[in-house]
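Colleague: Quick one: the structure is below, questions incoming.
Numbering (our numbering), first residue to last: 10 to 281.
Written out as structure tokens, the structure reads:
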């Protein structure tokens with residue numbers, strides 16, 4: 010069996026991103042999303058989540074960009090700044106991410122999975138903190154952000170760099186009792202996922218479960234004013250995720266759309 014989870018990052022970033030994510034779920038193949046506790050439109054995302062109970066929701070743990078859940082002060086702006094903050098003990102990684110999970114739970118949402126903004130959980134200190142959160146919360150599904158096979162793209166060099174952290178992350182997650190999908194896709198395609206590339210990916214999906222990371226949204230005034238390179242590309246992804254050709258391709262291969270809650274039941278995970 011081939012199972013596909015289509016997960017949208019950045020729920021809570023802006024209203025136009027929130028609306029695009031919900032639209033892709035209601036009218037397309039998107040099955041899950043991860044919520045940013047520090048997103049400027051967190052409350053709007055929570056409102057939409059309550060209106061859309063079929064949308065599976067996790068936590069998009071954020072250590073760069075946006076405000077701290079602990080102090081309200083800005084988090085580091087980029088990965089180099091994050092590395093300096095960690096090295097100089099200016100950021101308590103575990104406490105920050107735990108506070109973000111607590112904020113999501115306090116909003117009435119029961120998160121089923123975890124991932125990290127900019128994939129920062131591949132860093133050893135962050136991986137250790139995520140493993141601790143898994144043990145303490147029982148949220149056992151965690152993204153392994155390493156594209157399957159030889160997926161190529163404009164960020165292929167970065168994907169190779171990330172692979173150097175693969176064994177360390179997977180060991181820490183395994184020791185904490187975390188589980189992952191069998192495969193992952195979307196890193197090399199970030200900002201470049203369109204209908205043609207999605208159809209190609211569908212043809213290459215291997216047996217087992219795969220998470221496809223995506224970033225849909227409507228490119229309107231609020232998104233255009235935000236600090237992200239993913240703007241017009243979000244509408245292109247949205248069109249791909251709601252394409253009739255994409256839906257037909259999934260059906261032709263017998264691919265089952267799933268979410269983390271369903272995989273949890275399949276794996277007999279009942280201790281949360």
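Ideal Cβ placement from N, Cα and C applies to all residues, glycine included. Computed from a predicted structure; not experimentally measured.
Does the contact criterion of 3 or more C-beta pairs under 8 Å hold for the segment 226-239 versus the segment 18-29?
Modeller: Between the segment 226-239 and the segment 18-29, the count of Cβ pairs shorter than 8 Å is three or higher; the stretches touch.
Colleague: Residue 73: which of 34, 126, 269 and 19 sits nearest, CA to CA?
Modeller: 126
Colleague: By the 10 Å Cβ neighbour count, where 16 or more other Cβ atoms means buried, how is residue 269 classified, buried or exposed?
Modeller: buried
Colleague: What runs of the alpha helix (DSSP H), each 4 residues or longer, lie entirely inside the segment 28-79?
Modeller: 51-60
Colleague: From residue 67 to residue 94, what does the alpha carbon distance come to, in whole angstroms?
Modeller: Each residue's Cα considered, the two are about 26 Å apart.
Colleague: Does DSSP put residue 280 in a helix, a strand or coil?
Modeller: Confidence at residue 280 is low in this model, with a pLDDT of 47, below 50, so the placement of that residue should be treated as unreliable; the coordinate-derived value is given next. Three-state DSSP puts residue 280 in coil, outside helix and strand.
Colleague: What residue from 102, 196, 49 and 131 has the CA that sits closest to residue 176's CA?
Modeller: 131
Colleague: Okay, do the segment 131-151 and the segment 205-212 touch, 3+ Cβ pairs below 8 Å being the bar?
Modeller: no
Colleague: Counting Cβ pairs, one atom from each stretch, are 3 or more of them under 8 Å apart for the segment 211-224 and the segment 235-255?
Modeller: yes
Colleague: What do you get for residue 85, buried or exposed, if any count of 16 or more other CB atoms within 10 angstroms of its CB means buried?
Modeller: buried
Colleague: Under 8 Å, with one C-beta from each stretch per pair, do the segment 42-49 and the segment 112-123 reach the 3-pair mark?
Modeller: These segments touch.
Colleague: Out of 134, 118, 89 and 88, which one is the CA nearest neighbour of residue 104?
Modeller: 134
Colleague: Considering only residues of the same chain and omitting the five flanking positions on each side of residue 143, which have a CB-CB separation below 8 Å?
Modeller: 123, 149, 151, 182, 185, 186 and 187
Colleague: Is residue 261 helix, strand or coil by DSSP?
Modeller: helix
Colleague: Looking at residue 37 and residue 251, is the spacing between their C-beta atoms short of 8 Å?
Modeller: yes
Colleague: Would you say the beta carbon of residue 212 comes nearer than 7 Å to a heavy atom of the ligand HEM?
Modeller: With respect to the ligand HEM, the structure offers nothing, as it holds no ligand at all.
Colleague: Between the C-alpha atoms of residue 163 and residue 197, what's the straight-line distance to the nearest angstrom?
Modeller: Low confidence applies to residue 163: its pLDDT is 47, below 50, so where it sits in the model is not reliable, and the reading given next is rough at best. Distance between the alpha carbons of residue 163 and residue 197 is about 7 Å.
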